[in-house]
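Add 13 to the 1-based position in the sequence shown for the working numbering, that's all there is to it. Before any comments, here is the structure.
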Amino acid sequence: MIVMTNKTPPPRPKLLGEYLPCSLGSIRIAIQKKRNSKIKNQKVKLIGEILLSEKMISEDQLNNALRRQRAERLAHCPVFASLTSAELSGIGNHFSELIIDTDQQFIFEGEYDPTLYVLVNGKLEVFTHDKHNNEIHVAYVDPVQPIGEMGYFQDGIRSASIRSITPCILLKVAYKRLTHYFEHVPHVAFAFMDVIKRRQEETNRIIQKAGN
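As structure tokens, this is what we get:
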């Protein structure tokens, strides 16, 4: 796992409603319904699901908005930034959204987790343990960094643990789904591997500099 720090803040991730052809009033109604469900401890639906169930949008409109949102979010991630809009849309179809609360660990050191994540919003902490099981802070992860890109080439065994510092939104995709896409679009695979190689070289330079 390579953890880099953004030199410039990433753009604010757009909410799904900004991609949907419905009124602001419809969005507000959906948000209120979501809040009411949470207050009543009922199953909380996503805004898109509420708008669809209330027939304020069509299924095609929702799917199109989700594709556009995923593609734009991936466009700001270093390992996908060189892809075209069409390529981002294609690979984005293989991703799904993961929402986690504060102080929730979702990656465990030493465990098998063949998944690539991209942090869209929030802050994560990378940590490990020494031989006495004392926790050691490694780094913080900010948007829009990838998590697990090196694991794609290392059997998916996690080299560290990760938990949320704030509520977070991530995109995730199984390695096997990436492989399936790469097999059909080889030049995207080459672009992905080129970025990983350059990021690894940058990490090595940082480590060498720190050791001098």
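Glycine included, each C-beta is placed from N, C-alpha and C at the ideal position. This structure is a prediction, so every number in the text was calculated from the model and none was measured.
The region 178–198 makes contact with the region 127–138: 3 or more CB pairs, one atom from each, lie closer than 8 Å. The residues V57, K58, I60, I63, in chain order, have a CB closer than 7 Å to that of K47 in the same chain once the five nearest residues on each side in sequence are set aside. Our two residues, R41 and C35, have alpha carbons roughly 11 Å apart in a direct line.
Less than 9 Å divides the Cβ of T128 from the Cβ of K185. In the structure shown, H145 falls within a coil segment according to DSSP collapsed to helix, strand and coil.
Judged by DSSP secondary structure, S177 falls within the beta strand (DSSP E) whose first and last residues are 174–177.
In the structure shown, V92 falls within a coil segment according to DSSP collapsed to helix, strand and coil.
The beta carbon of R81 sits closer than 8 Å to those of Y32, S102, all from its chain and outside the five residues before and after it, given in chain order.
Nearest Cα to Y165 within the set V157, E214, F205: F205.
For F195, the uninterrupted alpha helix (DSSP H) segment begins and ends at 188–197. Runs of alpha helix (DSSP H) with 4 or more residues, each lying fully within the region 92–145, are found at 98–105, listed in chain order. Minimum Cα-Cα distance from D155 among the listed residues A173, H107, H89, L191 corresponds to H89. Nearest to Y130 by alpha-carbon distance, out of S66, A202, A187, K68, is A187.
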